[in-house]
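Trainee: Chains as they are written, first to last, in our numbering: chain A, 8 to 454; chain B, 8 to 454.
There are 2 protein chains.
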Amino acid sequence: MLLKLLDEKKYSTIKDMLITMNPADIAAVFEEVDEERTPLLFRLLPKGAAAESFAEMDPEIQQHLIQSFSDHELKEIVEELYVDDAADLVEEMPANVVKRILAQADPQMRKEINQILQYPENSAGSIMTTEYVSLKPTMTVGEAINHIRRTGLDRETIYTCYVTHMRRILGYVTVKDLLLTSDDDRPVTEIMDENVICVHTLDDQEEVAQMLSKYNFLALPVVDKDERMVGIVTFDDAMDIMEEEATEDIEIMAGMTPSDKTYLRSNTRELYLHRIPWLLLLMISATFTGMIITGFEEALAAQVALTAFIPMLMDTGGNSGSQASVTVIRALSLGELDFEDLLMVVWKEIRVAVFCGLSLAGACFVKVMLVDRMLMGNAAVTIPVAMVVCMTVCLTVMVAKVIGCTLPMCAKKLGADPAVMASPFITTIVDALSLLIYFGIARALLF
Amino acid sequence: MLLKLLDEKKYSTIKDMLITMNPADIAAVFEEVDEERTPLLFRLLPKGAAAESFAEMDPEIQQHLIQSFSDHELKEIVEELYVDDAADLVEEMPANVVKRILAQADPQMRKEINQILQYPENSAGSIMTTEYVSLKPTMTVGEAINHIRRTGLDRETIYTCYVTHMRRILGYVTVKDLLLTSDDDRPVTEIMDENVICVHTLDDQEEVAQMLSKYNFLALPVVDKDERMVGIVTFDDAMDIMEEEATEDIEIMAGMTPSDKTYLRSNTRELYLHRIPWLLLLMISATFTGMIITGFEEALAAQVALTAFIPMLMDTGGNSGSQASVTVIRALSLGELDFEDLLMVVWKEIRVAVFCGLSLAGACFVKVMLVDRMLMGNAAVTIPVAMVVCMTVCLTVMVAKVIGCTLPMCAKKLGADPAVMASPFITTIVDALSLLIYFGIARALLF
């Protein structure tokens, strides 16, 4: 609708509509407008919403807008941005645009942006904002409230305030605590909570997000290696990180290189490049299964019925293995499991595998005898053949579950991403093993 | 360490330690203590932390504690709980415990608990809390602040306040807006934001969580079908839901019935029951692949080299398909895609599939000729055989990608969970199709 109004040049109507919209929704509109008209649309935004909407937009649109801005316009936007959003922006833009942005930021902001940028990607330092409310230990409740009222405008969150001395955190008070204290003359040190939970600048962003979620905090303070407070991470960033990390895990588990871009914004080339390396790698590693089959070609020629069960055995093994691996990977990324739990996990999976293996083997026997032998009248499917198949199912499930739970934990121990050890990888390994088990048992019982 | 102190009966030291701990951490300690001693430990908790820690504990521990409480102790805890936590508790407990809990709640709370419980599971109504701050439109900023200071103690969040008239929402103000307004005599209606984004009681909890995350709100108001405000959903619940829903998706994608319990808390029987139905179903459906192979047994006997490539073809097809399906499933659950986008998605996947298919076919040809024919000296792998394999790879990848992206979207359209259409399911279908393609091409070119 907005696009139609833009075609019809009904600018004042658009202006009125934009006033009623949220920054996230405004940013979504910009994705639908063709690029040449984004600067025009941007100038229709109400003053207050411009910077916030800008922060929510795609990097490509941001870059196009900045290139259309005069220095004065750019200065206005940059000044309105929160420091963490400004740092994100600088990180995404090409060098010449970054130069322009930093030139328009005031020296204090430039310093803070540079401080955030010095931390490695995905660390607490790189996602924090340096704009938080700090209170002096000498303040009273009344003074603290006044301090917040005076300085709160530029702060990303005013609701959790940190009582600091020489930048070391003595405690925190929430605005709720302050407001609900009836005596304005009480010192803040009396009502502050001294059990401060904080994270270090180099901590992984995933851990930080999980801590925020675990403790239901609005913000977590970030301290440097000397335990001095340098910033805060807020709940909204934690939510984005949780979503991002879950998507990343899911992509890796399905054998893809994780992407920062959403599906709709990724073009064919990007999707191709994220998928082909894994497909190639997994295809090449299937050479081993091919070699195993070639090695047993004579046995297969003698007992043709064996071939028909290969896909079922491979799939069942792969599915059992990925159930175990995916469960363990998720538990690892939620911080529930550690390498120390390996034996406990293996023992648990073995017990589950015994029950799953026996049930599947039983069901398989019934199915093979009923469907393959009786219904389809395949005389080559003898009872010994059925027994070989069922024993293979049972053993494969056990091997698959143990490998499925062990590999992700070892990957974590070695500092790799456990999610790599999910379905596609496990499947390739389990395929080869299930064939070896199959032909091993067949050789022992049938020949 | 705490456990050791408990053995040594150093209760006052434990008390001092518990004071410094967060509710989430206290709840974690209770999971490690043997059940008989939980009531003793609970009585050592500082008054203020008892209810909050209680809300964070496992249902089994909660039940054991309640059974050890006197009516008076129970009343104290129940009164301190937030209404949404109390409703969660009532939902988890057996009937006789529920009766005791409701008997100890005051009539107002009982009414509110019952109201929350009437909404279907996973709806906005079932996760909301009825404790929010509402302001009258006639209030000034100063009066609003005083109102919050007087009534805020029982409210889950005081930071977003809703200006309501006859329970209809006129707008919202944040405590930040109120505090930063220098003129205490301004009416709240002047500073409130009238663009209220709200959810309905029956909306899905996943959508609610995503809206909170999208708009970076601390809380979202929940309205009933007459647009009257009945509660709020807060960011901390949204975080838990996001984590839960991602775990659920991942579990379903790996062919498991999703579980409310964490891995560590699930026993062998529960893990078995969550996994075996899918394994059985997928094993039985592999009958079709078996039937296809049996149907082509003679062809395979005539060209034994063909068998060795079956695992590679099946795996490559399965991997390609699950890449597409998992990407689409994630985009669907993040609300990025809709059924209307089906054609666009299919077209995108076809383009990606053509490039992936051609690359894989090329690589496959080189691999087959170099490794299988020259390195391993398998004379049965002729150029026509290699061509059959490569053409199958290319076609299978295309079919797999199209099926992989189409099925989840159709599932969504039909009201089923798209995550069901992930790897295991796609693999089973693609297996059968890839074999049909393989034998079809083989028959045309080789016989």
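Note that beta-carbon positions come from the ideal geometry of N, C-alpha and C, so glycine has one too.
In the DSSP output, which residue or residues are listed as bridge partners for T167 of chain A?
Mentor: Looking at the DSSP assignment, T167 of chain A forms a beta bridge with A:T181.
Trainee: For a test of the three-state rule: what should DSSP assign to L225 of chain B, helix, strand or coil?
Mentor: Note: L225 of chain B maps to coil in three-state DSSP.
Trainee: Got a sec, what are the start and stop residues for the beta strand (DSSP E) T241 of chain B sits in?
Mentor: Note, T241 of chain B: beta strand (DSSP E), 236-241.
Trainee: Can you find a C-beta in chain A that's less than 8 Å from the C-beta of S141 of chain B?
Mentor: By this cut-off, S141 of chain B is not an interface position.
Trainee: Assign D211 of chain B to one of three DSSP states: helix, strand, or coil.
Mentor: Three-state result, D211 of chain B: strand.
Trainee: Let's test the definition: count the other Cβ atoms within 10 Å of the Cβ of W354 of chain B and tell me whether it reaches 16, buried, or not, exposed.
Mentor: Counting Cβ neighbours within 10 Å, W354 of chain B comes out exposed, since fewer than 16 surround it.
Trainee: Below 8 Å on the Cβ atoms is my contact criterion, and I expect E277 of chain A with S266 of chain A to pass it. Report the Cβ-Cβ distance as a whole number of Å.
Mentor: That belief holds up - the Cβ atoms of E277 of chain A and S266 of chain A are roughly 7 Å apart, short of 8 Å.
Trainee: On the CB-based measure, 16 or more other CB atoms within 10 Å of its CB, does L72 of chain A come out buried or exposed?
Mentor: It is buried - the Cβ of L72 of chain A has at least 16 other Cβ atoms within 10 Å.
Trainee: By how many angstroms is the C-alpha of S292 of chain B removed from the C-alpha of G297 of chain A?
Mentor: Spanning the two alpha carbons is a distance of roughly 24 Å.
Trainee: Since N129 of chain B meets chain A, which of its residues come closer than 9 Å, beta carbon to beta carbon?
Mentor: The premise fails here: N129 of chain B is roughly 18 Å from chain A at the closest Cβ pair, so nothing lies under 9 Å.
Trainee: Classify L421 of chain A as buried or exposed, calling it buried when 16 or more other Cβ atoms lie within 10 Å of its own Cβ.
Mentor: Exposed: under 16 other Cβ atoms inside 10 Å.
Trainee: Could you round the C-beta distance between V400 of chain A and A368 of chain A to whole angstroms and report it? I think they count as a contact, below 8 Å.
Mentor: Confirmed, about 5 Å.
Trainee: Out of A:L124, A:P415, A:G159, A:D233, state which residue places its alpha-carbon closest to the alpha-carbon of L96 of chain A.
Mentor: That would be A:L124, whose Cα lies nearest to the Cα of L96 of chain A.
Trainee: By DSSP's criteria, I176 of chain B is part of a beta bridge. Which residues make up the other side?
Mentor: Looking at the DSSP assignment, I176 of chain B forms a beta bridge with B:T171.
Trainee: What does the Cβ neighbour count give for H79 of chain A, buried or exposed, with the cut at 16 atoms within 10 Å?
Mentor: So H79 of chain A ends up on the exposed side.
Trainee: Taking only beta-carbon positions, decide if M246 of chain A is within less than 8 Å of chain B.
Mentor: Closer than 8 Å to some Cβ of chain B, the Cβ of M246 of chain A qualifies, so yes.
Trainee: Quick check: is the beta carbon of L88 of chain B nearer than 8 Å to any beta carbon in chain A?
Mentor: By this cut-off, L88 of chain B is not an interface position.
Trainee: Determine the burial state of E27 of chain A: buried for a count of at least 16 other Cβ atoms within 10 Å of its Cβ, exposed for fewer.
Mentor: Glu is not the amino acid found at residue 27 of chain A; the sequence shown has Thr there. Exposed, because fewer than 16 other Cβ atoms sit within 10 Å of the Cβ of T27 of chain A.
Trainee: Tell me the rounded alpha-carbon separation between L186 of chain B and Y179 of chain B.
Mentor: Roughly 14 Å between the two C-alpha positions.
Trainee: By the DSSP assignment, the beta strand (DSSP E) with L142 of chain B in it spans what residues?
Mentor: 140-142 is the extent of the beta strand (DSSP E) around L142 of chain B.
Trainee: From what residue to what residue does the alpha helix (DSSP H) around M394 of chain A run?
Mentor: Element bounds for M394 of chain A: 390-420.
Trainee: Below 7 Å on C-beta distance, what does D243 of chain A contact in chain B?
Mentor: Per Cβ cutoff of 7 Å: N223.
Trainee: Is there a C-beta anywhere in chain A that falls below 8 Å from the one on T389 of chain B?
Mentor: No - not a single Cβ of chain A is within 8 Å of the one on T389 of chain B.
Trainee: Look at the alpha carbon of R337 of chain B and the alpha carbon of A418 of chain B, and state the distance between them as a whole number of angstroms.
Mentor: Those two C-alpha atoms are separated by around 13 Å.
Trainee: Determine the DSSP secondary structure at V230 of chain A, reduced to helix, strand or coil.
Mentor: In the structure shown, V230 of chain A sits in a strand (DSSP, three-state: E or B).
Trainee: Where A312 of chain A and G447 of chain A are concerned, what is the direct C-alpha to C-alpha distance, given to the nearest angstrom?
Mentor: Looking at the two C-alpha atoms, the distance is approximately 16 Å.
Trainee: Taking DSSP's pairing of strands, which residues face S130 of chain A in a bridge?
Mentor: In DSSP, S130 of chain A forms a bridge with A:D211.
Trainee: Below 8 Å on the Cβ atoms is my contact criterion, and I expect D85 of chain B with Q122 of chain B to pass it. Report the Cβ-Cβ distance as a whole number of Å.
Mentor: First, the residue type needs correcting, since residue 85 of chain B is Val and not Asp in the sequence shown. Actually they are not in contact, since the Cβ atoms of V85 of chain B and Q122 of chain B sit about 16 Å apart, beyond 8 Å.
Trainee: Can you tell me whether E42 of chain A is buried or exposed? The criterion is at least 16 other CB atoms within 10 Å of its CB, across all chains shown.
Mentor: Exposed, because fewer than 16 other Cβ atoms sit within 10 Å of the Cβ of E42 of chain A.
Trainee: Could you run through the stretch 426-446 of chain B and flag, in chain order, every residue whose CB is less than 7 Å away from some CB of chain A?
Mentor: Flagged, chain order: S430, P431, T434, T435, D438.
Trainee: Using C-beta distances below 6 Å, list every residue in its chain close to N385 of chain A, excluding the 5 sequence neighbours before and after it, in chain order.
Mentor: Closer than 6 Å at the Cβ level, and outside the excluded window around N385 of chain A, lie D379.
Trainee: Examine chain B for any beta-carbon lying closer than 8 Å to the beta-carbon of C371 of chain A, and answer yes or no.
Mentor: Output row for C371 of chain A: interface = yes.
Trainee: Starting from D200 of chain A, follow its DSSP beta bridges and name the residues at the other end.
Mentor: Beta-bridge pairing links D200 of chain A to A:Y179.
Trainee: From this set, A:R193, A:D14, A:M236, A:V229, which residue's C-alpha is nearest R175 of chain A's C-alpha?
Mentor: Ranking A:R193, A:D14, A:M236, A:V229 by Cα distance to R175 of chain A puts A:M236 first.
Trainee: Could you compute how far the alpha carbon of V392 of chain B sits from the alpha carbon of F61 of chain A?
Mentor: Cα-Cα distance, rounded: 57 Å.
Trainee: Where do the ends of the alpha helix (DSSP H) carrying M319 of chain B lie?
Mentor: Segment 317-340, the alpha helix (DSSP H) holding M319 of chain B.
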